[in-house]
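S.K.:
Protein chains: 2
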Amino acid sequence: MSINLEVSMEKLILEAAEKLFLEKGFDLTSTTQIAKEAGCNQALVHYYFRTKDNLFNMIFESKFNAFFQQVFDSTHLTSLSFIDKIKYISNSHFDLLLENPNMPKLLVNELSRRKENIGILREKLKDIPEKLFAMMNTELQEEIKAKRIKDLTFIDILFVVISLNVSLFLMFPLAADLLNFSERQRKLIVNQRKTENLNVILSYLRP
Amino acid sequence: MSINLEVSMEKLILEAAEKLFLEKGFDLTSTTQIAKEAGCNQALVHYYFRTKDNLFNMIFESKFNAFFQQVFDSTHLTSLSFIDKIKYISNSHFDLLLENPNMPKLLVNELSRRKENIGILREKLKDIPEKLFAMMNTELQEEIKAKRIKDLTFIDILFVVISLNVSLFLMFPLAADLLNFSERQRKLIVNQRKTENLNVILSYLRP
DNA sequence: ATATTATTTAATAGACTTATTAATTGAATG
DNA sequence: CATTCAATTAATAAGTCTATTAAATAATAT
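Chains Y and C, in that order, are what the protein sequence lines are. So in our numbering, spot 183 of the first sequence is number 183, and the numbers just go up one at a time. So in our numbering, spot 163 of the second sequence is number 1163, and the numbers just go up one at a time.
Shown next, in the form of structure tokens:
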């Protein structure tokens, strides 16, 4: 049993494609660029994946899957109080975006253009949030009844969490460019937003 | 003195270009499509505007200008209480997005790619928010001192307003597609979000 | 009416793109 | 060693896109 140190060209192409698609989107990435980044001939990209669309869809679906699996993962939540669950969701969502800062843009741009393939994604997404939603909604009802939390739906809360976090990664780079922020300032503000976004949520929950 | 009923082809091209650029972005819009939409030969697009980049930049800068002028317009605010000012800002920002639902996507996509031209936009933006910021910040200080509002900066508040409103227009179409919402459901939810986003803000302001 | 200027079009050069095909190299197997 | 199959490349077809040029048409002025 030995570890395969040889990296297959197929995998290199996948990695190069993922990098470029995330950086520049589908249209601005050519198979020639992917080949160059992977270190092979352009025809090889088509040899392994036939079409650029194919290649993109494979990457997109797997990324999409992994991303939403994490967003709606409920395994770490069970032992926490409701408020702590919300805190955990917001923070881990923020951290996930920090690791995948280009995902929001990719989703915004490619999901809307690829409506043919949306059925596949809908299928993949179908069962994922069920468990989380069931748990959060029942607990939320108790909290509301006990007047510890304002009368809201879990969707309302989730919308605010996601909006605040995603906005930072979609809009902040633009604002930072326009306002000429230094790299140091950017990092500082991103960190501040993590806690401040959470503050917004917690204010919103107060009865 | 007579009104010119004749619409110039130059203007028709501009309008066609604006429509298409907003709908599909810079890359997915060709000068051939613009010409077709305007009802003229493709070469005419280049006759009037020389390059596609030129044409795009003209439209982008004027849209950008008009949009931020409205976002940071302070003329209707003067007579209102601080809280009402915030309410007005959030609501009119929301309405502006409702009239320009594609602006956020255009900004997210094209601002980042056109870093060469960002200087021009920075210049245009420079003086616009000054008046609004000055007014809001002084009033905010009073409110905080009187303990009517939590200790926050105006930027903090504005970030939340913009995030919540913009997110709706950037992400909601995707969610609605994924979850198969009907047109009726969509409109209902958009309206609900307008008031609910405001609720989030007001919760956030409470000391 | 003729000359001049502005609009508009047809044609096309030149640069890229995706995708395919046939030829070449390399490795594994009998 | 010869054969077979997989991996890789070179070449290229077919299409799109931007931008230019020269020709045609319309408008204006002399």
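Don't be surprised by glycine CBs; every beta carbon is placed ideally from N, CA and C. In this text the structure is predicted, and so the values were computed from the model without any measurement.
Quick one: list the residues of chain C neighbouring Y:V108, beta-carbon separation under 8 Å, in chain order.
M.R.: Result: K1105, V1108, L1170, M1171, L1174.
S.K.: Less than 9 Å between the beta carbons of Y:V161 and Y:I118, yes or no?
M.R.: No, they are not a contact pair.
S.K.: Using the Cα positions of Y:H46 and Y:K52, report the straight-line distance between them to the nearest angstrom.
M.R.: Their Cα atoms are separated by approximately 7 Å.
S.K.: Please classify C:L958 as buried or exposed, where buried requires at least 16 other C-beta atoms within 10 Å of its C-beta.
M.R.: Residue 958 of chain C cannot be examined here, being either before or after the span of chain C that is shown, 1001 to 1207.
S.K.: What are the boundary residues of the alpha helix (DSSP H) that includes C:L1178?
M.R.: 1154-1178 is the span of the alpha helix (DSSP H), which, as asked, contains C:L1178.
S.K.: Under a CB-based cut-off of 9 Å, is C:D1151 close to chain Y?
M.R.: No, no contact with chain Y.
S.K.: Using the Cα positions of C:I1120 and Y:E23, report the straight-line distance between them to the nearest angstrom.
M.R.: In a straight line, the C-alpha of C:I1120 is about 25 Å away from that of Y:E23.
S.K.: Taking the beta carbon of Y:P207 as the centre, do at least 16 other beta carbons fall within 10 Å, making it buried, or is it exposed?
M.R.: Result: exposed.
S.K.: Considering only their Cβ atoms, is the gap separating C:E1139 from C:K1087 smaller than 9 Å?
M.R.: Taking 9 Å as the Cβ cut-off, C:K1087 and C:E1139 do not qualify as a contacting pair.
S.K.: Could you name the residues of the region 1188-1199 of chain C whose beta carbon sits closer than 8 Å to any beta carbon of chain Y, in the order they occur along the chain?
M.R.: If the cut-off is 8 Å between Cβ atoms, the region 1188-1199 of chain C has R1193, E1196, N1199 near chain Y.
S.K.: Using only the alpha-carbon positions, how far apart do C:F1094 and C:L1164 sit?
M.R.: In a straight line, the C-alpha of C:F1094 is about 9 Å away from that of C:L1164.
S.K.: Using a Cβ-Cβ distance cut-off of 9 Å, determine whether C:R1206 contacts chain Y.
M.R.: So yes, C:R1206 belongs to the interface.
S.K.: Cβ closer than 7 Å: which chain Y residues qualify as neighbours of C:V1166?
M.R.: In chain order: S167, M171.
S.K.: Is it true that the CB of Y:R148 sits closer than 9 Å to the CB of Y:F56?
M.R.: Cβ atoms of Y:F56 and Y:R148: not closer than 9 Å.
S.K.: In three-state DSSP terms, what is Y:K36?
M.R.: Residue state, collapsed to three classes: helix.
S.K.: Closest to C:Y1048 by CA distance: which of C:L1158, C:T1031, C:S1090, C:T1075 is it?
M.R.: Comparing Cα positions, the closest option is C:T1031.
S.K.: Taking any Cβ of chain C, which residues in the region 61-95 of chain Y have a Cβ under 7 Å from it, in chain order?
M.R.: If the cut-off is 7 Å between Cβ atoms, the region 61-95 of chain Y has nothing near chain C.
S.K.: Do the region 7-22 of chain Y and the region 34-41 of chain Y make contact, defined as three or more Cβ pairs closer than 8 Å?
M.R.: A contact exists between the region 7-22 of chain Y and the region 34-41 of chain Y.
S.K.: Could you give the first and the last residue of the continuous alpha helix (DSSP H) run that contains C:S1090?
M.R.: From DSSP, the alpha helix (DSSP H) with C:S1090 extends over 1082-1099.
S.K.: At least one CB of chain Y closer than 9 Å to the CB of C:R1122: is that the case?
M.R.: So, interface residue.
S.K.: Against C:I1118, what residues of chain Y qualify as contacts under a CB-to-CB distance less than 8 Å, listed in chain order?
M.R.: D177, L178, listed in chain order.
S.K.: Given a limit of 9 Å on CB to CB distance, which residues of the region 1126-1146 of chain C reach chain Y?
M.R.: Within the region 1126-1146 of chain C, no residue qualifies.
S.K.: For Y:L80 and C:A1175, what's the separation of their Cα atoms in angstroms?
M.R.: C-alpha separation (whole angstroms): 28 Å.
S.K.: Please report the residue range of the alpha helix (DSSP H) in which Y:L198 lies.
M.R.: Segment 183-205, the alpha helix (DSSP H) holding Y:L198.
S.K.: For Y:A17, report the span of its alpha helix (DSSP H) as first-last.
M.R.: 9-24 is the extent of the alpha helix (DSSP H) around Y:A17.
S.K.: Given a threshold of 16 other Cβ atoms within 10 Å of its Cβ, counted over all protein chains shown, does C:N1137 qualify as buried or as exposed?
M.R.: It counts as exposed.
S.K.: In three-state DSSP terms, what is Y:A146?
M.R.: Coil at Y:A146, not helix or strand.
S.K.: Just the chain Y side, please: which residues come within less than 8 Å of C:V1160 by C-beta, in chain order?
M.R.: Within 8 Å Cβ-Cβ: L164, V200.
S.K.: Assign C:K1105 to one of two classes, buried (16 or more other C-beta atoms within 10 Å of its C-beta) or exposed (fewer than that).
M.R.: With 16 or more other Cβ atoms within 10 Å, it is buried.
S.K.: Nearer than 8 Å: is that true of the beta carbon of C:N1197 relative to any heavy atom of the ligand NAD?
M.R.: What this structure holds is no ligand at all, so the ligand NAD is not there to describe.
S.K.: Tell me, please, whether the region 1122-1136 of chain C touches the region 1069-1076 of chain C by the rule of three or more beta-carbon pairs shorter than 8 Å.
M.R.: Touching, yes, given that three or more Cβ pairs across the two stretches are closer than 8 Å.
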